[in-house]
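See structure below.
Protein chains: 4
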Amino acid sequence: MKITFIGLGIMGSRMATNLTENNVNLTVYNRTEIDNSLFKNKNVLVVNSLEEAVKEADIVFSMLSTPEAVEEVFFGKEKALNSMKQNAIWVDCSTVNPSFSIKAFQESKSRNIRFLDAPVAGSKPQAQNAELVFFVGGKKEVLTEVEPYLNYMGKKVLRIGEIGKGASFKMLVNIMLAQSMLIFSEAVLLGEKMGIDKDFLLGLLPNLVVSAPFTKFKAESIKNNNYDVQFPLEWMHKDLHLATLTAYEENQPLYLANITKEIYAEANKNGMGRLDFSAIFKHLEKVK
Amino acid sequence: MKITFIGLGIMGSRMATNLTENNVNLTVYNRTEIDNSLFKNKNVLVVNSLEEAVKEADIVFSMLSTPEAVEEVFFGKEKALNSMKQNAIWVDCSTVNPSFSIKAFQESKSRNIRFLDAPVAGSKPQAQNAELVFFVGGKKEVLTEVEPYLNYMGKKVLRIGEIGKGASFKMLVNIMLAQSMLIFSEAVLLGEKMGIDKDFLLGLLPNLVVSAPFTKFKAESIKNNNYDVQFPLEWMHKDLHLATLTAYEENQPLYLANITKEIYAEANKNGMGRLDFSAIFKHLEKVK
Amino acid sequence: MKITFIGLGIMGSRMATNLTENNVNLTVYNRTEIDNSLFKNKNVLVVNSLEEAVKEADIVFSMLSTPEAVEEVFFGKEKALNSMKQNAIWVDCSTVNPSFSIKAFQESKSRNIRFLDAPVAGSKPQAQNAELVFFVGGKKEVLTEVEPYLNYMGKKVLRIGEIGKGASFKMLVNIMLAQSMLIFSEAVLLGEKMGIDKDFLLGLLPNLVVSAPFTKFKAESIKNNNYDVQFPLEWMHKDLHLATLTAYEENQPLYLANITKEIYAEANKNGMGRLDFSAIFKHLEKVK
Amino acid sequence: MKITFIGLGIMGSRMATNLTENNVNLTVYNRTEIDNSLFKNKNVLVVNSLEEAVKEADIVFSMLSTPEAVEEVFFGKEKALNSMKQNAIWVDCSTVNPSFSIKAFQESKSRNIRFLDAPVAGSKPQAQNAELVFFVGGKKEVLTEVEPYLNYMGKKVLRIGEIGKGASFKMLVNIMLAQSMLIFSEAVLLGEKMGIDKDFLLGLLPNLVVSAPFTKFKAESIKNNNYDVQFPLEWMHKDLHLATLTAYEENQPLYLANITKEIYAEANKNGMGRLDFSAIFKHLEKVK
């Protein structure tokens, strides 16, 4: 099986590296030049042409930053889909909205390419340690062919449903992240006002069953006043927006996510969009 | 050391039982008659007089339903404090607001009784299995005397700070419970509308790092449409209210908890106050 | 000058009638058959063909229910624009979103038709009594030609700015309607709970400087439990949605409109979408 | 009839002046020294002793800043009630919460003093021009005796109901002020972002039926960036808080007022508490 990985950013480079460590016959491509030493001494072919990267591949994985980038590479300006083999499989791991995944599927189908949407839970450290969780939308039999490779890159593969359902589920996960981060932040700030030590709160609260476990890591960042980006606040704002659009279309009231969106909007307007989304704490804190 | 436990409801009876299993010299008392078989064959003295229950005790634990009940038993109508030995310790494990704990401390101090506020995280199963977590406010040296007994009833004892800080911290924990339950509910309902199976969502979401771990148990209840009370929705509404009062006093904006309070208010107005607070899911679901 | 009016619903039929009462040379057209007696003994030509209706017109007014209907009639399936004279003027009085008005302008411009967006404030009674207010977007010199006719149908003509600004301003007006209706409703319900008579509140509050004056009429409807539609709740929900989209695009936090949108969403989900938007009172009231 | 007026601040001094212009036999008293020239050449007795001020009075009006001040003067430290004649009438025009009015009534009753709560709508200019509106709680026959004097100071006297209902109604009025100011501010800011001129919006919106008429004056202040206090933002925050307390006690959901409270909380925390409450516009505007 010939495997290709497209998009070698923070996430993609680590995911691809984990494939090479499992004796996969791998070709990689990035839109801009990358540091070749990343894949030095690895069993991997680094190519500079998109066409060359995909034309022989049985499976093409992609991990790109936005739906716009995915469109451009696969069926917009650059049209990788046109160079792929009939019946090959494209697995898009990028975070996109559900309707985009359905469009990507249709573009693939019209060219006899099979498609899966497979966004991930996890960021840099999980990518590094092959501890990602994949949320997959698409046909079971296609997933069966792809699953061994996903398992090299992650610790769990969850088929959520048909095409687009991977992206739908990822949307839920992201709004829970945004909201959990916010209620955690408000609790810490109220605790401080009630006279409880901030570091004590940051140390204790995340370990209780009332807190989403990811807050452990964010609490460390807050302690160190370190908001280096893992997932940018402006993207979180966008994901909240997309979720409220979906809720509107589905006629489903969604109180907390709507208010949460406005608080992220304010932080974004205040210039925090490029920081990690945990900077919502910093935003709330600085109002004094 | 002579130990007395007052309040043998769902929580208290289990906590007292765990004391007896560690060879504690225990006296128990409940305001209304209890099933004596609970403590059959146990090394425990069941008494029917409050005065008799406390007069010899070195440490008195209490686990009652409301601040009003605590006041009535200890320094209101019944005045247990007046019957206690000088320098004895009263440990109140009931959930009350911080200002009530400070009042209880002052009433104790004026009678030369030492006091700790020590509310717990956990409900019936944690009480049963001695897996409670105690949040303690008060003097370290007093806690040192009491700690062995708390460890018989729980798995962790956390001193949060001075008098009232146990209750303050418990307030934070409860509003995080209320809000986490709500964002979880809204995510499940939106997921359903996007075409993902409800049971699948209830099975998967609570196991991800974005969900507060307690939602695992609540998800089971939702699956079974079982909202038997573990912690009543109307009490959660009250705790949200108390927290927003505190936030007002501290001049600390608290967006999500305020909106969450109104949604619980609506559920409460709709007659769900005596169900478990996880019935907020049922409330949101039935709007169709 | 030859004038044509397209769309003879509740609003349009009354607006057209007011034109006839000022000796305007008027042709009217409706997509579905109308009661001809409406214009009996009036100086007006009722035609059954869209092409015939517009081909001689110097000015074409339209008052249709949705952007989709406007598109279909003017540049979608039916293409009235293609039948219009060069340099004629199309004045769209329908309520649409700003980006749609810009699209309508571009479609017009490419066919050498001049365009104004001119949505109105007011409903059935204001249309009847020529008391509408027009919010106009587009060129001043075009408005100058059209203004006399707008004055036959309304009491005030306000040029807000360039193309699309009429629609933008109308969006602001509608979200203020939605929110004012809600704060009025919540105040009346709280007042009742505090023991003040409901009819007294409905009679007094709208006359104070703290209440938007339109609540006078809505208070009458509430008194009579009459929610016959003047402006449907589901359209108000949609306008709130469009406004929050715009706020997102402009990175402008908009707390109250977002929460208001969710409350209308709930009322809509509860089957009140086809009632007047003042039924938000009924929705809040019935929760008991 | 002998009339006494206590509290000669911005409001009280103007109200008292209007009494003198109607040949009322007036005695005035202020807790701190006042500029005597205020009442120069007027038919008025300025006294420096509270006891002297009230002991002969048939009716005592009070206009003080807070419930705490009213309590201190009338039945706390200074106990004016103890010096008043049996069967005299105390009319409290201060803005207080309903439960305080009931307390004031009970304190009065126990001393055979008759009581009315009579807070006003209007600020400095309305006080000056005798255009206040009085919201009165209490017995009709007592109001009948007092009404001529209220009419000298205002343009309308509305009996809302029994004791406390004047204060209750005033609470509704104030939260409508707070919320209307906020939705107006958010609309202007969104309008600006959509490319409509700010001064145009400030000039037009307040004159439409969708805007509370008081926004006309506030729009002028915003244009001039003048937030000199007429009603302080921190008091508005407090009134929102009191209203949400009442809503909690009444089990009445109150979404918008709760969120509005948090936005005022944030402005207050940002140091705007002593500005006019219309500075909520400035607060929202400065987030950029």
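Listed in order, the protein sequences are those of chains A, B, C and D. In terms of this note's numbering, the first sequence is residues 1 to 288. In terms of this note's numbering, the second sequence is residues 1001 to 1288. In terms of this note's numbering, the third sequence is residues 2001 to 2288. In terms of this note's numbering, the fourth sequence is residues 3001 to 3288. Using N, Cα and C, we set each Cβ at its ideal position, and we do this for glycine too. Given the structure is predicted, the values throughout are model-derived calculations rather than measurements.
For C:T2260, the residues of chain D that pass the 9 Å Cβ criterion are I3183, Y3255, L3256, in the order they occur in the chain. Contact annotation: in the segment 207-237 of chain A, residues whose CB is within less than 7 Å of a CB in chain B are L208, V209, V210, S211, A212, P213, F214. For B:L1064, the closest of B:V1188, B:A1118, B:P1213, B:F1105 by C-alpha to C-alpha distance is B:A1118.
Using a Cβ-Cβ cut-off of 7 Å, A:E285 is close to nothing in chain B; its nearest Cβ partner there is about 11 Å away. Counting only Cβ-Cβ distances below 9 Å, D:A3265 has contacts in chain B at A1247, Y1248, N1251, Q1252, P1253, L1254, in chain order.
C:N2022 and C:M2153 have their C-alpha atoms spaced approximately 10 Å apart. Among the CB atoms of chain C, one or more fall inside 9 Å of the CB of D:L3172.
Here the alpha carbons of C:E2145 and A:V70 stand approximately 50 Å from one another.
One Cα belongs to C:A2219, the other to B:N1270, and the distance between them is close to 25 Å. Counting other Cβ atoms within 10 Å of its Cβ, A:R274 stays below 16 and is therefore classed as exposed. Contact annotation: in the segment 93-126 of chain A, residues whose CB is within less than 8 Å of a CB in chain B are P98, A121.
Residue contact check for B:T1244 against chain D: a CB pair falls below 9 Å.
Here the alpha carbon of D:E3056 sits roughly 7 Å from the alpha carbon of D:M3084. Of the other Cβ atoms in all chains shown, 16 or more fall within 10 Å of the Cβ of C:Q2179; this residue is therefore buried. Judged by pairs of C-beta atoms under 8 Å, the segment 1236-1253 of chain B does not touch the segment 1151-1166 of chain B, as fewer than three such pairs exist.
The C-alpha of B:T1004 is placed about 12 Å away from the C-alpha of B:T1017.
Under the three-state reduction of DSSP output, D:V3060 falls in the strand class. Proximity of B:K1282 to chain D, defined by a Cβ-Cβ separation below 9 Å, is not satisfied. In terms of beta-carbon proximity, B:N1025 stays away from the interface with chain D, with every pair separated by 9 Å or more. Residues of the same chain with a CB within less than 7 Å of the CB of A:L240, apart from the 5 flanking positions on each side, are I175, A178, A257, T260, K261, Y264 in chain order. Within the segment 2125-2178 of chain C, the complete beta strand (DSSP E) segments of 3 residues or longer fall at 2132-2137, 2154-2161, listed in chain order.
The continuous beta strand (DSSP E) containing D:V3091 extends over residues 3089-3092. Among the residues of the segment 3150-3161 of chain D, those with a Cβ less than 9 Å away from any Cβ of chain C are L3158, I3160, G3161, in the order of the chain. Ranked by Cα distance from C:N2048, the options C:S2221, C:V2060, C:E2068, C:T2027 are led by C:T2027. In this structure B:A1187 is not in contact with B:L1233, their Cβ atoms being roughly 19 Å apart against a cut-off of 8 Å.
Collapsing the DSSP output to three states places A:F74 in a helix. Taking 9 Å as the CB threshold, D:N3268 lines the interface with chain B. Interface annotation, D:L3189: in contact with chain C, CB-CB separation under 9 Å. The three-state secondary structure of B:D1276, taken from DSSP, is strand.
In the pairwise beta carbon analysis, the segment 1090-1097 of chain B is classified as touching the segment 1158-1172 of chain B: at least three pairs are separated by under 8 Å.
Contact note: D:L3204 reaches chain C through L2158, using a C-beta cutoff of 7 Å and chain order.
The three-state secondary structure of A:N82, taken from DSSP, is helix. If you keep only unbroken alpha helix (DSSP H) runs of at least 4 residues inside the segment 2203-2260 of chain C, you get 2215-2223, 2233-2249. Under the DSSP assignment, B:L1050 falls in the alpha helix (DSSP H) whose first and last residues are 1050-1054. Rounded to the nearest whole angstrom, the CA to CA distance from A:L172 to B:F1231 is 27 Å. According to the DSSP assignment, A:L26 belongs to the beta strand (DSSP E) that extends over 25-29.
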